[in-house]
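Below you'll find the structure, written out as structure tokens, and then a few comments.
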Amino acid sequence: MARSGCWSFLKGGFTLSSPSNATLSFQGPGSTDVTIAIESASLQPFTDEQWRKSQYHIINKVRKRPVTIHVTDENGERLQGVDIQVKQVSKEFPFGSAIAKTILGNIPYQKWFVERFNAAVFENELKWYATEPEQGKINYTIADQMLKFVRESGATVRGHNIFWEDPKYTPAWVGNLMGLDLEKAVKARITSLLDRYKKEFVHWDVSNELLHFNFYEQRLGPNATLDFFKTVHESDPLATLFLNEFNVVETCSDVSSSVDGYILKLRELRRGGVSMDGIGLESHFDAPNIPLMRAVIDKLATLGLPIWLTEVDISNKFDKKTQAVYLEEVLREGFSHPSVNGIMMWTALHPYGCYQMCLTDADFRNLPTGDVVDKLLREWRTEDIQGQTDEYGSYSFFGFLGEYSVTLEHGNGTATSTFALSQGEETKHVTIHL
Numbered sequence: 001m002a003r004s005g006c007w008s009f010l011k012g013g014f015t016l017s018s019p020s021n022a023t024l025s026f027q028g029p030g031s032t033d034v035t036i037a038i039e040s041a042s043l044q045p046f047t048d049e050q051w052r053k054s055q056y057h058i059i060n061k062v063r064k065r066p067v068t069i070h071v072t073d074e075n076g077e078r079l080q081g082v083d084i085q086v087k088q089v090s091k092e093f094p095f096g097s098a099i100a101k102t103i104l105g106n107i108p109y110q111k112w113f114v115e116r117f118n119a120a121v122f123e124n125e126l127k128w129y130a131t132e133p134e135q136g137k138i139n140y141t142i143a144d145q146m147l148k149f150v151r152e153s154g155a156t157v158r159g160h161n162i163f164w165e166d167p168k169y170t171p172a173w174v175g176n177l178m179g180l181d182l183e184k185a186v187k188a189r190i191t192s193l194l195d196r197y198k199k200e201f202v203h204w205d206v207s208n209e210l211l212h213f214n215f216y217e218q219r220l221g222p223n224a225t226l227d228f229f230k231t232v233h234e235s236d237p238l239a240t241l242f243l244n245e246f247n248v249v250e251t252c253s254d255v256s257s258s259v260d261g262y263i264l265k266l267r268e269l270r271r272g273g274v275s276m277d278g279i280g281l282e283s284h285f286d287a288p289n290i291p292l293m294r295a296v297i298d299k300l301a302t303l304g305l306p307i308w309l310t311e312v313d314i315s316n317k318f319d320k321k322t323q324a325v326y327l328e329e330v331l332r333e334g335f336s337h338p339s340v341n342g343i344m345m346w347t348a349l350h351p352y353g354c355y356q357m358c359l360t361d362a363d364f365r366n367l368p369t370g371d372v373v374d375k376l377l378r379e380w381r382t383e384d385i386q387g388q389t390d391e392y393g394s395y396s397f398f399g400f401l402g403e404y405s406v407t408l409e410h411g412n413g414t415a416t417s418t419f420a421l422s423q424g425e426e427t428k429h430v431t432i433h434l
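Residues 1 to 434 in UniProt numbering are what the sequence shown spells out, letter by letter.
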């Protein structure tokens with residue numbers, strides 16, 4: 001979307017399944033007295049192989065880092081020929097799934113989740129209509145139990161959501177409130193939620209789907225969302241606060257959620273004094289347009305804010321094998337983009353299945369989509385390493401970011417150690433005394 005009176009940078013992408021002609025067109029506002037000037041335009045072709053090579057290159061640059069382990073004796077002398085074993089024990093990049101209350105007491109479901117994911121989000125159980133279906137009758141029992149499970153699993157957990165702008169998903173009793181009564185209700189919602197869960201959730205989706213709906217701003221005024229963010233930040237200053245939106249990265253045909261409109265809203269919040277904010281991209285895809293996905297994230301990345309793919313799935317109008325193909329495309333593109341800080345899939349399991357896409361059947365046997373996830377989890381993890389220190393008492397490798405354990409053996413001596421590998425271009429040096 002170009003702005004009037006100044007130069008605008010427009011970026012997009014498309015794919016062709018066979019050779020064809022393509023026309024780039026620019027649509028004006030319909031007025032005959034408007035002049036559209038184009039300074040320059042370019043079209044850069046890529047093959048599938050070139051695109052995949054680009055992804056691998058970016059992953060190696062931003063998701064991995066060189067490591068050199070130095071082994072010394074008690075006198076600080078470097079030791080050659082020390083047997084060394086290195087194992088990655090956790091990953092830094094948050095990769096997870098939505099869960100529902102169906103996971104409570106379901107040991108196979110819990111085991112399946114914990115073996116794969118280091119991040120979670122509650123599908124519906126924290127939403128206002130779930131915790132306060134009747135005014136004043138607040139019940140966090142289910143949410144508490146789910147949080148207990150996630151804590152024990154060691155996973156990071158996102159808070160979804162505080163306010164949903166779609167009136168269909170606003171508690172019925174809230175829909176009847178106006179003015180001061182509504183203002184009191186939303187303040188009570190924030191106070192109740194944050195008093196209970198302060199510091200428990202790393203993120204809060206403060207406003208959900210604001211580009212498509214504006215229930216609260218219609219009734220409380222144009223600064224309602226800004227006030228929500230300020231109040232939540234005061235209540236939980238360590239949490240990153242998000243807008244969360246659909247059809248920003250999924251398609252370019254939804255005028256309500258263009259990337260430029262999203263940027264305008266985010267800038268508006270920042271000008272209003274919001275100090276901690278993030279960008280949530282729901283990512284409910286039909287057939288994904290991966291070049292468009294990259295172009296959109298590139299533009300959002302200019303804001304310098306954390307970007308998460310928050311609700312990834314593929315439409316169930318496709319068969320399960322096609323869902324798997326498309327899911328792999330989306331996950332690879334998300335993981336390979338330097339500005340994407342985490343990926344969550346919208347795959348909470350119910351007796352009836354999932355919202356659009358499941359990873360497993362009811363007996364926890366992988367579906368094709370689950371096979372894709374397991375394949376990528378293996379690919380994006382450093383394989384167990386065995387080797388020996390060289391003549392300088394050192395051993396080097398290139399590993400994915402995360403936490404590692406090291407075991408050393410030399411003669412009758414053994415030692416163990418751990419270290420964390422975080423993002424950085426320089427080599428990580430680890431010295432261990434044997």
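No residue lacks a Cβ here, since even glycine has one placed at the ideal position from N, Cα and C.
Check: Contact under 8 Å by Cβ, Ser258 with Asp286; Outcome: no
Check: 7 Å CB neighbourhood of residue 435 in its chain, flanking five on each side removed; Outcome: Since the first residue shown for the chain is 1 and the last is 434, residue 435 is missing from the structure and cannot be characterised.
Check: Ala37 beta carbon less than 8 Å from that of Ala348; Outcome: no
Check: Nearest-angstrom Cα separation, counted from Glu311 out to Leu104; Outcome: 21 Å
Check: Beta-carbon contacts of Gly370 that lie in its chain and below 7 Å, excluding the five residues immediately before and after; Outcome: Leu359 and Thr360
Check: Through-space distance from Ile190 to Val232, alpha-carbon basis; Outcome: 7 Å
Check: Residues that Ser396 bridges to, as DSSP identifies them; Outcome: Thr68
Check: Of the listed residues Val150, Arg63 and Glu125, nearest to Gln110 (C-alpha basis); Outcome: Val150
Check: Residues near Leu238 in its chain [Cβ-Cβ closer than 7 Å; skip 5 each side]; Outcome: Lys199
Check: Endpoints, the alpha helix (DSSP H) within which Gly261 is located; Outcome: Val259 to Arg271
Check: Bounding residues of the beta strand (DSSP E) (the contiguous stretch that carries Asn208); Outcome: His203 to Asn208
Check: Inter-residue Cα distance where the pair is Tyr404 and Val89; Outcome: 5 Å
Check: Rounded separation between residue 520 and Tyr216 - CA only; Outcome: Past the boundaries of the shown model lies residue 520; the chain is included only from 1 to 434, so the question cannot be answered.
Check: Nearest neighbour of Glu379, chosen from Asn75, Pro45, Arg116 and Thr72 [CA to CA]; Outcome: Arg116
Check: Validate contact between the region 386-398 and the region 71-90 using beta carbons, cut 8 Å, 3 pairs; Outcome: yes
Check: Distance, Glu282 Cα to Asn247 Cα; Outcome: 8 Å
Check: Beta-carbon contacts of His203 that lie in its chain and below 7 Å, excluding the five residues immediately before and after; Outcome: Arg158, Gly159, Ala239, Thr240, Phe242 and Gly278
Check: Residue of Thr35, Trp51 and Val34 minimising C-alpha distance to Ile290; Outcome: Trp51
Check: In DSSP terms, what Leu241 is bridged to; Outcome: Trp204 and Asp277
Check: Lys198 - containing alpha helix (DSSP H), residue span; Outcome: First-last for Lys198: undefined, no H or E at that position.
Check: Assumed close pair Thr156, Asn118 - CB separation to whole angstroms, cut-off 8 Å; Outcome: 6 Å
Check: Neighbourhood of Thr418 by C-beta distance below 6 Å, restricted to the same chain and skipping five residues each side; Outcome: Ser405
Check: CA nearest to the CA of Asp363, picked from Pro108, Thr416 and Thr102; Outcome: Pro108
Check: Limits of the alpha helix (DSSP H) - the one that His233 falls within; Outcome: Ala224 to Ser235
Check: Other residues of its chain near Leu367: CB distance less than 7 Å, five sequence neighbours each side excluded; Outcome: Lys320, Cys358, Leu359, Thr360 and Asp361
Check: Three-state class that DSSP yields for Arg151 in the structure shown; Outcome: helix
Check: CA-to-CA distance, Ser396 to Tyr197, given in whole angstroms; Outcome: 43 Å
Check: Span of the alpha helix (DSSP H), counted from its first residue to its last, around Ala172; Outcome: Ala172 to Gly175
Check: Option in Pro351, Lys375 and Cys354 with minimal Cα separation from Leu331; Outcome: Lys375
Check: Complete beta strand (DSSP E) runs within the region 97-173 (minimum length 3 residues, chain order); Outcome: 119-122 and 156-159
Check: Spatially closest choice to Leu266 from His284, Asp181, Leu292 and Asn244, by CA coordinates; Outcome: Asn244
Check: Chain D contact for Thr47 (CB, 8 Å cutoff); Outcome: The structure shown contains no chain D, having only a single protein chain.
Check: Enclosing beta strand (DSSP E) for Glu311 [first to last residue]; Outcome: Ile307 to Ile314
Check: Counted within 10 angstroms of its Cβ, other Cβ atoms place Ala143 as buried (16 or more) or exposed; Outcome: buried
Check: Beta carbon of Thr431 nearer than 8 Å to that of His70; Outcome: yes
Check: Length of the line joining the Cα atoms of Met345 and Leu408; Outcome: 38 Å
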